[in-house]
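One structure is given below, encoded as structure tokens.
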Amino acid sequence: MELIIRKAQVSDAEKLLDYGRNIAEESSFLIITPEEMKAEDVASEENWIKSFESSGNLLLVAEVEGEIVGSLNCNRPRRSRVRHIGMIGVAVRKPYWNQRVGTKLIEALFEWAKENDVEEIQLTVLKHNDRAKHVYQKLGFQVIGERPRAMKYEDGTYANEVLMSYYLVR
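Per our numbering, the sequence shown runs over residues 897 to 1066.
Here it is in structure tokens:
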């Protein structure tokens, strides 16, 4: 499997939309529901991609044979006192779990972060998402907090969220 990690482009909008619909169906670990994802359209996806280009943030895609199988977004606050922190979200298509796609995306993020004055990477992950937590811990992320009842599922149950952090500058 040849995995390509690259910055997303506006021309990826349709493929990113299909990818988003797939991951929303495949995993209950995401904040977006399949129904909400179905309501998205190509124009909104194009605008979302453009927002990364214009703000100094990062949107990466992982491709296998032209298909998007993973993504990572890194958003930084506008304010100078907190701009050294990037908050990330990572998702991978279920058929590609356990194939280092998430690891490769985060390694590419680390390179970008070093070149863009990002000193700390933060993420949230559902407490019961052991697979993702293991990947993050293996890469050096540490748990720095927990938020109870962070997500409410359609059946009325809740999931706690863990905040993790990685320091590029110590």
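We put the beta carbon where it would ideally sit given N, CA and C, even for glycine. Owing to the predicted nature of the structure, the values given are computational and were not obtained by experimental measurement.
Check: N-terminal and C-terminal residue of the alpha helix (DSSP H) that glycine 998 is part of; Outcome: 997 to 1011
Check: Cβ pair valine 1058, lysine 1034 closer than 7 Å; Outcome: no
Check: Supposed close pair glycine 998, valine 988 - CB separation, criterion 8 Å; Outcome: 5 Å
Check: Nearest candidate by alpha-carbon position, reference threonine 1053, set Gln995, Leu1019, Ser924; Outcome: Ser924
Check: Cβ neighbours of valine 1065 in the same chain (closer than 6 Å, five flanking residues each side left out); Outcome: Glu1015
Check: Straight-line Cα distance separating asparagine 971 from valine 978; Outcome: 11 Å
Check: Stretch-stretch touch, CB-based, cutoff 8 Å, three pairs: the region 937 to 954 with the region 908 to 919; Outcome: yes
Check: Valine 906 beta carbon less than 7 Å from that of isoleucine 964; Outcome: no
Check: Per-residue burial, asparagine 1056 [other beta carbons within 10 Å of its own, 16 or more giving buried]; Outcome: exposed
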